[in-house]
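Asker:
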Amino acid sequence: MRKSVLFITLLVFLSFNNVFAESIFDATIKIVSGPGTGDSYSKSFSSAEDCIDSVKGSNIKTYLPNYTDKSGVEGTFNYRGLPMYSKYVSNSTTLAVDIPAIGFSQQFTGNTRDESNDQFSDFLKKNGTDYISKINEYFAQNTAVDPITGNPSSLAGQMVSNSFSRGFTEKASLIQKPGEQIEEGDNGNLMGIAPSVGSFKYSDKYDLNSYSLPLSYTFRSNADARKQLTLSMPIQMLTVEDSKSYNLGFGAAYSIPVTGQLSNHQWILTPSLDYGLVGSVDLGSVGQIVQGALTSLYATWIDKYTISMGNMVGYYKSLKFKLGDYEIDPKVSNTVFRNAIMVAIPTDALLRRTMLELFIIDTRISGSSQKISGYDEIGFAFGLVKPRKLTVSQKASDLGSMKKDDTLSKAKNFLTSYKLGLTYLTSNDGKGVTINFGYIF
Numbered sequence: 014m015r016k017s018v019l020f021i022t023l024l025v026f027l028s029f030n031n032v033f034a035e036s037i038f039d040a041t042i043k044i045v046s047g048p049g050t051g052d053s054y055s056k057s058f059s060s061a062e063d064c065i066d067s068v069k070g071s072n073i074k075t076y077l078p079n080y081t082d083k084s085g086v087e088g089t090f091n092y093r094g095l096p097m098y099s100k101y102v103s104n105s106t107t108l109a110v111d112i113p114a115i116g117f118s119q120q121f122t123g124n125t126r127d128e129s130n131d132q133f134s135d136f137l138k139k140n141g142t143d144y145i146s147k148i149n150e151y152f153a154q155n156t157a158v159d160p161i162t163g164n165p166s167s168l169a170g171q172m173v174s175n176s177f178s179r180g181f182t183e184k185a186s187l188i189q190k191p192g193e194q195i196e197e198g199d200n201g202n203l204m205g206i207a208p209s210v211g212s213f214k215y216s217d218k219y220d221l222n223s224y225s226l227p228l229s230y231t232f233r234s235n236a237d238a239r240k241q242l243t244l245s246m247p248i249q250m251l252t253v254e255d256s257k258s259y260n261l262g263f264g265a266a267y268s269i270p271v272t273g274q275l276s277n278h279q280w281i282l283t284p285s286l287d288y289g290l291v292g293s294v295d296l297g298s299v300g301q302i303v304q305g306a307l308t309s310l311y312a313t314w315i316d317k318y319t320i321s322m323g324n325m326v327g328y329y330k331s332l333k334f335k336l337g338d339y340e341i342d343p344k345v346s347n348t349v350f351r352n353a354i355m356v357a358i359p360t361d362a363l364l365r366r367t368m369l370e371l372f373i374i375d376t377r378i379s380g381s382s383q384k385i386s387g388y389d390e391i392g393f394a395f396g397l398v399k400p401r402k403l404t405v406s407q408k409a410s411d412l413g414s415m416k417k418d419d420t421l422s423k424a425k426n427f428l429t430s431y432k433l434g435l436t437y438l439t440s441n442d443g444k445g446v447t448i449n450f451g452y453i454f
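Residues in the sequence shown are numbered from 14 upward in steps of one, following this note's numbering.
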């Protein structure tokens with residue numbers, strides 16, 4: 014019955030053999046003529062799945078006992094902010110479906126009302142790709158809780174944030190002042206984990222909560238620790254009221270130092286490439302995005318303070334996602350600009366090698382129209398960065414030595430970083446707070 018949750022959800026909301034929703038999904042069904050005239054009911058669900066599970070032929074009869082196949086019925090629906098309408102004229106099997114926002118208006122006539130519903134379903138299977146793309150475009154442009162794009166917590170928003178973090182936010186914390194660097198020995202690779210929890214409130218009155226778990230592994234050059242290849246896998250769950258969506262991404266970033274290691278002005282460029290996938294049975298949504306970005310980090314020292322500036326330009330685009338008989342693409346393509354300044358203040362008086370970071374980040378998005386095209390973040394983080402130099406013993410035979418029993422000692426540089434912070438986000442359509450934790454080892 015379900016090749017596409019979204020299309021079947023549309024069928025659920027526009028057919029009269031269904032139960033409908035409020036909250037994320039709202040609907041009112043009313044008998045306007047014939048048996049049961051004047052009877053009506055409203056029903057709400059937090060997920061498309063619950064609606065689909067409630068599709069029984071007896072449902073309308075359950076809520077409207079006087080309903081018969083001769084009754085004239087009208088339905089008014091709100092599907093995640095998209096108005097939809099449907100109607101059966103009394104003594105008729107013709108189903109009329111209207112979605113004005115995307116220019117959809119069709120009638121389907123079968124020998125029975127069930128056959129009319131089947132015709133509507135068949136129409137979507139054969140001709141629905143363009144309409145579903147228009148629906149997803151509508152969500153991005155008019156709602157702040159779309160899981161694919163249109164808000165900072167969406168898949169696109171998180172990909173932008175993760176790219177900038179790899180090239181600026183995380184890296185600025187790890188830059189060491191000339192003279193404090195460990196210069197001799199190989200540089201050990203680093204693992205990172207940065208869980209965060211965010212809560213947001215937008216003008217459409219929905220509460221959105223974000224739970225993120227970015228994972229990363231960084232290969233560092235022995236010649237210059239600033240030259241790095243970082244592979245990342247961010248994982249995220251979003252909740253809108255009681256509905257859930259899940260994101261999974263993969264990314265690669267390569268940091269290229271422009272200035273010398275001993276310079277008092279550090280400049281590092283980081284190009285990155287990312288792919289992300291999001292799916293939600295509850296919201297009836299699925300999509301994928303690819304993104305390329307270039308991030309610049311410039312850091313200098315004024316007395317004991319580290320002043321860092323970050324600038325990023327990126328481009329992301331949605332890709333077609335084939336699901337059963339359908340190809341789904343919200344047709345989103347945007348250029349994003351992200352700029353920040355960070356001041357790191359040593360707090361050795363509290364604890365050696367700790368610092369307090371204060372930062373401001375501005376994000377602007379241009380291209381495809383979307384609900385939130387710009388937002389600002391202000392925040393702080395308190396953390397510790399501790400360089401470590403370990404001596405690693407290794408058998409000479411492993412290094413190709415002729416003396417198999419010799420053991421060689423080799424110095425290797427490692428790094429440990431802990432960071433806990435809070436970020437406040439504000440936009441013209443809402444605001445939110447995120448608690449961040451970072452651990453690199």
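Glycine is no exception: its CB is placed at the ideal position from the N, C-alpha and C atoms.
Nearest to Ser-268 by alpha carbon, out of Ser-256, Gln-241, Ser-245 and Gln-279?
Answerer: Comparing Cα-Cα distances from Ser-268 to each of Ser-256, Gln-241, Ser-245 and Gln-279, the minimum goes to Gln-241.
Asker: Might you give, ordered along the chain, the residues of its own chain that have their beta carbon closer than 6 Å to the beta carbon of Val-45, omitting 5 neighbours on each side?
Answerer: If we look at Val-45 and ignore the five residues flanking it on each side, its Cβ neighbours are Gly-85 and Glu-87.
Asker: Could you give the first and the last residue of the continuous beta strand (DSSP E) run that contains Val-110?
Answerer: 108-112
Asker: Can you list, in chain order, the stretches of the alpha helix (DSSP H) that have 4 or more residues and sit fully within the segment 179-241?
Answerer: 183-187
Asker: Quick one: Cα of Tyr-437 to Cα of Glu-370, how far?
Answerer: 14 Å
Asker: Apart from the five residues on each side of it in sequence, which residues of its chain come closer than 8 Å, Cβ to Cβ, to Lys-444?
Answerer: Phe-213, Lys-214, Tyr-437 and Leu-438
Asker: Beta carbon of Val-173, beta carbon of Thr-447: below 8 Å?
Answerer: Contact check for Val-173 against Thr-447 fails: the beta carbons are separated by 8 Å or more.
Asker: Judging by CA-CA distance, which residue of Asp-316, Ser-229 and Ile-161 is the nearest neighbour of Asn-277?
Answerer: Asp-316
Asker: Buried or exposed for Gly-163, going by 16 or more other Cβ atoms inside 10 Å?
Answerer: buried
Asker: Taking only the alpha-carbon atoms, compute the straight-line gap between Ile-161 and Ser-234 and give it to the nearest angstrom.
Answerer: 36 Å
Asker: Using the rule of at least 16 other Cβ atoms within 10 Å of the residue's Cβ for burial, across every protein chain shown, is Phe-263 buried or exposed?
Answerer: Classification of Phe-263: exposed, given that the 10 Å Cβ count is below 16.
Asker: So is Thr-283 buried or exposed if we call it buried at 16+ other beta carbons inside 10 Å?
Answerer: Thr-283 is buried by the Cβ-count criterion.
Asker: Does the count of Cβ pairs from the segment 292-308 and the segment 249-263 closer than 8 Å reach three?
Answerer: yes
Asker: Against chain B, with Cβ distances strictly below 8 Å, would Lys-330 count as a contact?
Answerer: Within the model displayed, chain B is absent; a lone protein chain is all it includes.
Asker: Quick check on the burial criterion: 16 or more other C-beta atoms within 10 angstroms. Buried or exposed for Asp-287?
Answerer: buried
Asker: For Gln-189 and Ile-378, I'd like the C-alpha separation in whole angstroms.
Answerer: 32 Å
Asker: Considering only DSSP beta bridges, list what Leu-137 is partnered with.
Answerer: Answer is none; Leu-137 lacks a bridge partner.
Asker: Tell me whether Ala-236 is buried or exposed, calling it buried when 16 or more other Cβ atoms sit within 10 Å of its Cβ.
Answerer: exposed
Asker: Run the CB neighbour count on Gly-392, radius 10 Å, all protein chains shown included, and call it buried at 16 or more, exposed below.
Answerer: With at least 16 other beta carbons inside 10 angstroms of its own, Gly-392 counts as buried.
Asker: Determine the burial state of Ile-302: buried for a count of at least 16 other Cβ atoms within 10 Å of its Cβ, exposed for fewer.
Answerer: Under this definition Ile-302 is a buried residue.
Asker: Do the CB positions of Ser-176 and Gln-383 come within less than 8 Å of each other?
Answerer: No.
Asker: Rounded to whole angstroms, what is the Cα-Cα separation between Phe-450 and Ala-238?
Answerer: 23 Å
Asker: Consult DSSP for Asp-127 and reduce its assignment to one of helix, strand or coil.
Answerer: Here Asp-127 sits in helix by DSSP.
Asker: Nearest-angstrom Cα distance between Phe-528 and Phe-121?
Answerer: The question about residue 528 has no answer, for the chain in this structure spans 14 to 454.
Asker: Alpha carbons only, please: which of Val-110, Asp-39 and Phe-372 is nearest the one belonging to Val-102?
Answerer: Val-110
Asker: Using a 10 Å radius around the Cβ and a threshold of 16 neighbouring Cβ atoms, would you call Ile-206 buried or exposed?
Answerer: Label assigned to Ile-206: exposed.
Asker: In three-state terms, what does DSSP make of Phe-33?
Answerer: Low local confidence applies: a pLDDT of 36 at Phe-33 is under 50, so the model's placement there is unreliable, with the coordinate-based value given in what follows. Here Phe-33 sits in coil by DSSP.
Asker: Whose CA, out of Asn-260, Ala-353, Met-322 and Ala-40, lies closest to the CA of Ile-374?
Answerer: Distances from the CA of Ile-374 to each of Asn-260, Ala-353, Met-322 and Ala-40 were compared; the closest alpha carbon is that of Ala-353.
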